[in-house]
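Report on the following structure.
Protein chains in written order, with my numbering: chain A, 233 to 757; chain B, 728 to 1108.
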């Protein structure tokens, strides 16, 4: 099945458009023209909101049914980056992208237009973690839509990743403006929960593998950007070294040269330390190429001992990219460092996993030894600044309760916005079944392939179900869109029976109200 | 060390009585609105290693359970319902156990999980599938992990084996009674399995002169040779306890055979890795096994004088002809028998909550008359 990658960190999807007929701009200065979008001829209108954000909406004037899907795009890096530095999901060189984005993928947009819906979205007035101003932009855009498309009867808000966070915030603050909401692969609750995930990962890597890795406290101006770029390179170097020596039996060779760990710790395979770091942060142990179940031949050691570390190494680069550049961005917004692990109990963090991953972690003695490091001078804790903490508190946060019909969809092995985000929203709505509907994209049975030598084949560019960030198929996304449209009409999410029927034929999509995944570590008590 | 007793025969007799009652009570049962229950069927699920390294030893559990269920089904089922056991492979890998268990609950919609194998596997699976939160009965897990006795945490889980802590305490008492003052070495996995063993020996006052803890999977013959030459021989131990899986027992005993080494008193094996038939089938020389002391909570599957063994053996021969009847098979059939008793105790219109209540109240009373103090039930003291 074709996958529509619309990762929040990616630049907006480019559209192959054919300009046909220019149409007179709308009275409020939207500029419109007809364009051929696949099989649909749509009226495409664009303009700027009062805060300067680019916006765009598209309608199929032949059959507009009065409902508009308002899309909120995901996180985009807030700073330009030079060639040679390629942040996950970004380009190199990276130029801050301010373009409007009206939907997750061209084929989804075309399907919605063909069905008579309009689609809309903006590029927001600034990039980075910009939830507060994004909500304002969306509110203004809804006004523009209702003004310029007088047949508009209702708006469905949806978005991915940070766009999901914006969607939920819009639904909580302005429930009367929208009929239903669909935050997908969303961050949820507060931004600190999401960033703590990535920062804990970075802190663990700093502690075990390279003390020069920066977790927080970036310098001002261009120096901070350079620091962040260098930081990403250091993280990648560590992951590359461990990934490249994963089959090595001489533990001394598996540790990066930058590590300052004592000999007792270096007697443990470095992959075990990486597994510990990944587990204590909450990094998924399934990834693009690693299902965690497969093994070559009859020897299960690969699945038990090696697979978790390989999966974490594949996922950690993405999570670290988020942690580095979003921390840089947010520290500038809030006025100081906000990461604080002075009171974090990492032993408690992995209490549920130490039995299941005992082999990958090299046994209880190794686990206890590594945990002891985290409470020793090697694991120097990091304190937030008062300014950073106060600034963070001023950021938009969710209450969590769905006030309008809300549908989430989440990949269970998403490595940038882990599924524990959606679980937080789900837990807030366990009894709110008329307004809240959680959908999950679960992983397939098996997808790891092995080479003739028994090593994992990591050449496939495909993202299996449930892995990657916001890697959904068109079928999955359109199912959410249809359910949201149905909910917009009735004021309630469709019945469980109707949802079961709707998802039954969609590969990888699961509806089960009793299904749950672990919360983000930040939220675990 | 633990042999068949009159109490054990009481359990057997109760099963026979139950089977007789079944034959008389095959009236049509009402359909209930419970997952996995229809008017004609009770759907159960099991995950176990059908592939991978340990499949040869433990892969026989589902077949053994199915054999017993077939016997019950052919005699009228449980209140007229036939038991259908859905079996899925977990290869003894937690990630696969998670997937398989979730599939059993959400896709196959089984009424209960029965006979799952392995502590690490099942801890991951029951957490992911939210068995406790869903109220899914999780019956007779094949592990002695003491943690499953925590009913606040594992509300619906019942392990079938006596806890490893209890087993270690019994072994320690045996050593104290028969070999007081002898120098003991303990070989354990460096995980919860091993922790339980160490806790049991410590509680019983046994202080090993040598404790070898190894990460699971590091139990190769080469590693075992190192343990013998580096620890056991220099310390001149009298008794070496292998409290680990069959793989470990085989590795250590195989290495000992190669090195012509034997502790002065001998080897002592825990129940998990101590079945001589399985070890022999795995290539461990008979000479090295002679004199070794094995612990077991079940009768010897080759004991033709045991009614319990004979009863299961005849069923297994009928439904799985040509397959060897061993301790794993016996365990699987024992779990199946307990499951049937529990289902019967849950009544004609079983619910998940009713089944759990039945186990806690009715079946535990039955088991309390048996010599198997099943972990997690009131008899586990």
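All residues carry an ideal CB built from backbone N, CA and C; glycine is no exception.
Predicted model, so just to flag it, every value in this text is computed and none were measured.
Report task. Pull up the DSSP beta-bridge partners for residue 812 (chain B), would you. Result -> For the purposes of this step, residue 812 (chain B) is identified with residue 85 of the second chain, where counting begins at 1. In DSSP, residue 812 (chain B) forms a bridge with B:771.
Could one say the Cβ of residue 646 (chain A) lies closer than 8 Å to chain B's Cβ atoms, at least one of them? Locating residue 646 (chain A) in the first chain gives position 414, where the first residue counts as 1. By this cut-off, residue 646 (chain A) is not an interface position.
(request) Please confirm whether residue 388 (chain A) and residue 301 (chain A) have their CB atoms less than 8 Å apart. (result) Here the question's residue 388 (chain A) lines up with position 156 in the first chain. Here the question's residue 301 (chain A) lines up with position 69 in the first chain. In this structure, residue 301 (chain A) lies closer than 8 Å to residue 388 (chain A) by Cβ.
For the candidate residues A:392, A:390, A:494, A:717, whose alpha-carbon lies nearest to that of residue 605 (chain A)? As a working note, residue 605 (chain A) is residue 373 in the first chain. Comparing Cα positions, the closest option is A:494.
*asked:* I want to see whether chain A comes within less than 8 Å of residue 846 (chain B), judged by CB atoms only; does it?
replied: Reading the second chain from its first residue, position 119 is the one you call residue 846 (chain B). Yes - at least one Cβ of chain A is within 8 Å of the one on residue 846 (chain B).
| task | Could you give the DSSP three-state label for residue 756 (chain B): helix, strand or coil? | result | Numbered from its first residue, the second chain carries residue 756 (chain B) at position 29. Confidence at residue 756 (chain B) is low in this model, with a pLDDT of 48, below 50, so its placement is unreliable and the value that follows should be read with caution. Three-state result, residue 756 (chain B): coil.
Output needed for residue 678 (chain A): all residues of its chain with C-beta closer than 7 Å, excluding positions within five of it in sequence on either side, in chain order. As a working note, residue 678 (chain A) is residue 446 in the first chain. Hits under 7 Å: 523, 525, 526.
So what does residue 869 (chain B) bridge to, in DSSP terms?
Your numbering for residue 869 (chain B) matches position 142 in the second chain. In DSSP, residue 869 (chain B) forms a bridge with B:844.
Requested in this report: Along the alpha helix (DSSP H) that carries residue 721 (chain A), what are the first and last residues, could you check?
Outcome: Numbered from its first residue, the first chain carries residue 721 (chain A) at position 489. Per DSSP, residue 721 (chain A) belongs to the alpha helix (DSSP H) from 706-722.
Self-check item: Own chain, CB closer than 7 Å to residue 285 (chain A), minus 5 neighbours either side, in chain order
Solution: Residue numbering aside, residue 285 (chain A) sits at position 53 when the first chain is read from its first letter. So the list reads 354, 355, 356, 357, 369, once near-sequence residues are dropped.
Taking Cβ-Cβ distances shorter than 8 Å, what residues in chain A pair up with residue 869 (chain B)? As a working mapping, residue 869 (chain B) is identified with position 142 in the second chain. By Cβ distance, chain A contributes nothing, its closest Cβ being about 16 Å from residue 869 (chain B), past 8 Å.
Task: Proximity of residue 846 (chain B) and residue 535 (chain A) at Cβ, strictly below 8 Å - done: For the purposes of this step, residue 846 (chain B) is identified with residue 119 of the second chain, where counting begins at 1. For the purposes of this step, residue 535 (chain A) is identified with residue 303 of the first chain, where counting begins at 1. The answer is no: Cβ separation not under 8 Å.
Using the beta-carbon of each residue, which ones in chain B are nearer than 8 Å to residue 677 (chain A)?
Numbered from its first residue, the first chain carries residue 677 (chain A) at position 445. What residue 677 (chain A) touches in chain B: 826.
Exercise. Using a beta-carbon distance below 8 Å, is residue 530 (chain A) in contact with chain B?
Worked result: One-based indexing of the first chain puts residue 530 (chain A) at position 298. True, the Cβ-Cβ gap to chain B drops below 8 Å.
- prompt: Taking 8 Å as the CB-CB cut-off, is residue 519 (chain A) touching chain B?
  reply: The residue labelled residue 519 (chain A) in the question sits at position 287 within the first chain. False, the Cβ-Cβ gap to chain B never drops below 8 Å.
*residue 573 (chain A) classed as buried or exposed, judged by whether at least 16 other C-beta atoms fall within 10 angstroms*: To locate residue 573 (chain A), count along the first chain from 1; it is residue 341. Buried is the call here.
Inter-residue spacing [alpha-carbon to alpha-carbon] between residue 303 (chain A) and residue 752 (chain A) | For the purposes of this step, residue 303 (chain A) is taken as the residue at position 71 of the first chain. For the purposes of this step, residue 752 (chain A) is taken as the residue at position 520 of the first chain. Going from the Cα of residue 303 (chain A) to the Cα of residue 752 (chain A) covers about 25 Å.
Give the straight-line distance between the Cα atoms of residue 262 (chain A) and residue 382 (chain A), rounded to the nearest whole angstrom.
Along the first chain, read from residue 1 onward, the residue named residue 262 (chain A) stands at position 30. Along the first chain, read from residue 1 onward, the residue named residue 382 (chain A) stands at position 150. Their backbone Cα atoms lie some 14 Å apart in a straight line.
(message) Do residue 1003 (chain B) and residue 1021 (chain B) have their beta-carbon atoms positioned less than 8 Å apart in this structure?
(response) For the purposes of this step, residue 1021 (chain B) is identified with residue 294 of the second chain, where counting begins at 1. For the purposes of this step, residue 1003 (chain B) is identified with residue 276 of the second chain, where counting begins at 1. Contact: yes.
Review point. How about residue 1056 (chain B): is its C-beta nearer than 8 Å to some C-beta of chain A?
Key: As a first step, residue 1056 (chain B) is located in the second chain; it is residue number 329 there, counting from the start. Answer no: the Cβ-Cβ gap between residue 1056 (chain B) and chain A never drops below 8 Å.
- Query: What does DSSP give as the partner residues of residue 737 (chain A) in its beta bridges?
  - Reply: Position 505 of the first chain holds residue 737 (chain A). BP columns for residue 737 (chain A) are empty, so no partner.
Q: Measure the C-alpha to C-alpha separation of residue 460 (chain A) and residue 771 (chain B) and round it to an integer number of angstroms.
A: As a first step, residue 460 (chain A) is located in the first chain; it is residue number 228 there, counting from the start. As a first step, residue 771 (chain B) is located in the second chain; it is residue number 44 there, counting from the start. Approximately 54 Å between the Cα atoms of the pair.
- Task: Return the residue from the list A:425, A:424, A:393, A:386 that minimises the CA-CA distance to residue 408 (chain A).
- Result: For the purposes of this step, residue 408 (chain A) is taken as the residue at position 176 of the first chain. Measuring from the Cα of residue 408 (chain A), the nearest candidate turns out to be A:386.
Check your understanding: For the region 1067-1083 of chain B, which residues have a beta carbon sitting closer than 9 Å to at least one beta carbon of chain A?
Key -> none
Note to self: According to DSSP, is residue 259 (chain A) part of a helix, a strand, or is it coil?
What the structure shows: On the first chain, position 27 is the one that residue 259 (chain A) refers to. The predicted model places residue 259 (chain A) with a pLDDT of 42, which falls under 50 and marks its position as unreliable; any figure quoted below should be read in that light. Residue state, collapsed to three classes: coil.
Looking only at its chain, what residues have a beta carbon closer than 7 Å to the beta carbon of residue 1027 (chain B), apart from the 5 residues adjacent to it on each side? Within the second chain, numbered from 1, the residue matching residue 1027 (chain B) stands at position 300. Counting only Cβ-Cβ distances below 7 Å, and skipping sequence neighbours, we find nothing.
Report task. In the DSSP assignment, find the alpha helix (DSSP H) that holds residue 1039 (chain B) and state where it starts and stops. Result -> Here the question's residue 1039 (chain B) lines up with position 312 in the second chain. Counting along the chain, the alpha helix (DSSP H) containing residue 1039 (chain B) begins and ends at 1034-1046.
### Task
Along the alpha helix (DSSP H) that carries residue 487 (chain A), what are the first and last residues, could you check?
In the first chain, the residue the question calls residue 487 (chain A) occupies position 255. First-last for residue 487 (chain A): undefined, no H or E at that position.
- What does residue 994 (chain B) pair with, by DSSP beta-bridge criteria? As a working mapping, residue 994 (chain B) is identified with position 267 in the second chain. Beta-bridge pairing links residue 994 (chain B) to B:967.
Item to check | At least three beta-carbon pairs within less than 8 Å, the region 409-423 of chain A to the region 629-641 of chain A | outcome: yes
**Asked** Cβ of residue 755 (chain A) less than 8 Å from any chain B Cβ?
**Response** Looking up residue 755 (chain A) in the first chain gives position 523. So no, residue 755 (chain A) is outside the interface.
- Item | Own chain residues within Cβ distance below 7 Å of residue 320 (chain A), not counting five before or after | For this step, residue 320 (chain A) is matched to residue 88 along the first chain. Only 241, 549, 550, 553 meet the Cβ criterion.
If you scan the region 346-383 of chain A from start to end, which runs of the beta strand (DSSP E) of 3 or more residues do you find wholly inside it?
350-354
Query raised in the report: Excluding the five sequence neighbours on either side, which residues of its own chain have a C-beta within less than 7 Å of the C-beta of residue 484 (chain A), listed in chain order?
Result: Here residue 484 (chain A) refers to the residue found at position 252 of the first chain. Around residue 484 (chain A): 498.
TODO: Compare the Cα-Cα distances from residue 276 (chain A) to each of A:311, A:325, A:380 and report the closest residue.
DONE: As a position in the first chain, residue 276 (chain A) is number 44, starting the count at 1. Checking every option, the nearest Cα to that of residue 276 (chain A) belongs to A:380.
inquiry  = Please tell me whether residue 820 (chain B) has its Cβ less than 8 Å away from any Cβ of chain A.
reply    = As a first step, residue 820 (chain B) is located in the second chain; it is residue number 93 there, counting from the start. Yes, residue 820 (chain B) counts as interfacial toward chain A.
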